[in-house]
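In my numbering, the protein residues as written are 55 to 180. Where is the CB? At the ideal position from N, CA and C, for every residue including glycine. Keep in mind it's a predicted model, so treat the numbers as computed, not measured. Below is one structure, written out as structure tokens, with a few remarks after it.
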């Protein structure tokens, strides 16, 4: 909470600075000036924006959840094919990497059932 308070205070300080004065007409949030009001603001407005990632580590160490075929260790027949296997959040939207992960999962499942990969994965370089 201390780090969040410091961040809100820094943003407020920057927004009220002389350099931003031509761009800012007034403060809309957090409104509160006392510590308890600021904490309440942080608790009400801190959200994830639905881009959760990196919660089911892929690897071979004791902290890993899935292997390189997306299989969950210790649970037969279960794979994870979403952003949770990513080592860290991307700098862009998470949808594109999730599409690639899903495509790879489809190929792995097809191969494991003797169907082979259903398509060739082509990743264009821009």
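Where residue i and residue j are concerned, what is the direct C-alpha to C-alpha distance, given to the nearest angstrom?
i, j, result
"residue 131", "residue 155", "17 Å"
"residue 116", "residue 141", "15 Å"
"residue 56", "residue 151", "33 Å"
"residue 182", "residue 171", "Within the shown structure, residues of the chain are numbered from 55 to 180, placing residue 182 beyond reach of any answer."
"residue 148", "residue 108", "11 Å"
"residue 146", "residue 165", "30 Å"
If you check the beta carbons only, do residue i and residue j fall under 9 Å apart?
i, j, result
"residue 93", "residue 59", "yes"
"residue 135", "residue 158", "yes"
"residue 143", "residue 105", "yes"
"residue 37", "residue 95", "A query on residue 37 cannot be resolved here, the shown segment of the chain reaching from 55 to 180 and no further."
"residue 69", "residue 78", "yes"
Helix, strand or coil for residue i? Go by DSSP, reduced to three states.
i, result
"residue 133", "strand"
"residue 93", "helix"
"residue 149", "helix"
"residue 62", "helix"
"residue 154", "helix"
Tell me, which residues are paired with residue i by DSSP?
i, result
"residue 120", "112 and 126"
So does the region 112 to 130 actually touch the region 97 to 104, counting three or more Cβ pairs closer than 8 Å? no
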